[in-house]
Amino acid sequence: MKAFMTTGTFSFLIKLLDKYPHISFSLMSNATNTLLYYENEKKNVFASGRAYEVLTMSGQMQKEGYVSMNHIPVADEGKPVFEDHFKRNLSSLQNFLGFQTFRLLKPRKGNMYVVITQWNSEKSFKLWKSSESYTQLHDPTKTMPPAYFLERPFHATYTMTILEE
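Residues in the sequence shown are numbered from 0 upward in steps of one, following numbering that gives the first Met the number 0.
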C-alpha cells in the first residue's frame, strides 16, 4: 500500500477533491496548514507532495478525529530497528481508549518517516501521551536517534475537516 500527502490552501485542496472524486481523501487542518492525505496502490495524483510506503497500519482513517503526525528522520543503518520497534509495540496503542488509526509511513525518497495516529478527540490523544503505553512506544533507548540529525524531527497535529455536502 502507498500513501500520499500534500499541503496547500483550503480552496486549492478542495479543487483536488472535486477533480478526483473516486479517491477517498482525508482532509485535515490546523492553525497554519491544510493537508490532504490518501492511500492506494496507484500512482500519486499530487503535482507536488510526498509519497510513502505504508509499512504498518491499524484501523481505517476516519472522517472525524484528531490526528498526530510525528516526522522522524532515520539513518539508513537505523531503519530496520526503527521499523521493527513500531511493528512490535503497536498492540499497546490499539487498545487505548479513543484510538482510531495508526500508520507507519516510510518515505519513497529521503529519510523522514511519518508516524500517524488518529484519535476520536484531542483529549484521548493527550491521555495517551501521559500513559505508560506512550512511554513504551517512544522509549529513546529502543530507537536511538543518530548522533547527528539528518533533518530535524517535528510533530504536527490536525483536526479532520468535514465538508458539508
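From the three backbone atoms N, C-alpha and C, an ideal C-beta is built for every residue, glycine too.
Within this structure, are the beta carbons of residue i and residue j separated by less than 8 Å?
i	j	result
P71	Y37	It should be noted that the sequence gives Ile, not Pro, for residue 71. No, the pair does not count as a contact, with Cβ atoms beyond the cut-off.
E63	K1	no
Q61	T8	no
What do you reckon, is the C-beta of residue i under 7 Å from a heavy atom of the ligand NAP?
i	result
L162	The ligand NAP is absent from the structure shown, which contains no ligands of any kind.
Could you have a look at residue i and say whether DSSP puts it in helix, strand or coil?
i	result
H21	coil
P79	helix
F95	coil
Q61	coil
Closest by CA to residue i, which one among the options?
i	options	result
G97	F124, V114 and A30	F124
T55	A74, I115 and S25	I115
P20	E40, F153 and V44	V44
L15	S129, A30 and G48	G48
R151	H84, N69, E131 and L104	N69
E131	N94, Y65, F11 and E82	N94
L202	G77, K108, V80 and L136	In this structure the chain extends from 0 to 164, so residue 202 is not present and cannot be described.
For residue i, count neighbouring Cβ atoms within 10 angstroms of its own Cβ and tell me buried if that reaches 16, exposed if not.
i	result
R102	buried
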